[in-house]
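If you use UniProt numbering, the sequence shown corresponds to residues 1 to 235, in order.
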Amino acid sequence: MMNINQEVGQLIRLARKKRGLTLNDFSKLIYKNPSTISKYEKGEIIIDIPTIYAISKALDVEIDQLLVRPHKELRFNLATQVPAFFLGLSQFYAYFYDGRNNSIVPCVIDLISQQAVNQFKVMMYMNYKDFYQYKKCENIYSGYMEHFDAVTNIALSNQHMPMEKASIQILASQLDADRKWGLWNGFSTRPMMPVATKMLFSQSRLVQDEELITQLKISKEDIKLCRLYNMFIVI
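See below:
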């Protein structure tokens with residue numbers, strides 16, 4: 001089992017590789033020799049706070065991406081306006097079906113901190129292979145989640161493709177249920193085009209089986225509503 005130093009080191013290595021930086025390239029950005037960086041990534045030496053900030057800046061990532069934190073309930077202030085679905089959560093899960101490769105795309109959404117009574121900073125990790133290393137994924141988004149009476153909005157920026165400004169709308173999040181449907185709007189590069197699809201949100205991880213695939217695929221009822229309103233909607 002890895003200790004915290006090893007886990008942080010692994011996250012640093014992952015972020016460095018995402019940027020296409022060699023140890024030599026990276027060493028010039030944070031003024032450390034390559035052997036020291038290698039020891040950071042292996043968890044052999046402890047990283048001090050100024051260095052972790054320097055690493056975050058050099059890799060152009062949120063510092064939260066380089067930290068290991070337990071997933072426990074956030075401490076909301078007394079005036080917090082949080083819908084029933086999100087109450088007490090520090091992490092929740094999302095799924096959509098990708099028709100380009102006929103597979104489920106799993107996502108993890110971490111709530112990082114509370115910014116206002118109805119707003120939270122979030123990180124979204126999309127299309128991971130191993131849940132226990134979910135930060136090792138295809139796309140990483142940072143942004144904010146904001147709650148209103150009728151809808152929860154999530155505005156996101158793709159950290160590795162700045163032209164993608166994605167958004168999520170979750171209707172009636174005030175209603176008490178462990179799953180919610182929402183609308184995902186983003187940008188595809190395979191092929192290059194704006195996209196929108198339905199996304200299922202859950203308080204707990206779901207089994208990725210045929211039943212879930214059926215739920216995630218656009219149904220005849222979805223198409224019927226699309227034709228009725230001439231809009232793609234999720235309710």
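For every residue, glycine included, the Cβ atom is placed at its ideal position computed from N, Cα and C. Here the structure is a predicted model, which is why all the values come from computation and not from measurement.
Residue i vs residue j beta-carbon contact at 8 Å
i	j	result
residue 11	residue 66	yes
residue 239	residue 64	Residue 239 falls outside the range modelled here, since the chain spans only 1 to 235, and no answer is possible.
residue 93	residue 104	no
residue 200	residue 175	no
residue 159	residue 140	yes
residue 146	residue 185	no
residue 46	residue 101	no
residue 90	residue 110	yes
residue 150	residue 171	yes
residue 115	residue 144	yes
residue 177	residue 85	yes
residue 8	residue 82	no
Rounded distance between the beta-carbons of residue j and residue i, thought under 8 Å
i	j	result
residue 108	residue 128	7 Å
residue 183	residue 198	6 Å
residue 13	residue 41	4 Å
residue 203	residue 106	That pair is no contact at about 15 Å.
Bridge partner(s) assigned by DSSP for residue i
i	result
residue 104	97
residue 34	Answer by DSSP bridge pairing: none, since residue 34 is not bridged.
residue 26	Answer is none; residue 26 lacks a bridge partner.
residue 198	183
residue 188	193
residue 304	Outside the displayed range of the chain (1 to 235) lies residue 304, so it cannot be described from this structure.
Can you check the region 107 to 184 for any beta strand (DSSP E) of at least 3 residues that lies completely inside it and give the ranges in chain order?
If we require 3 residues or more, the beta strand (DSSP E) runs fully inside the region 107 to 184 come out as 119 to 128, 137 to 147, 151 to 158 and 165 to 171.
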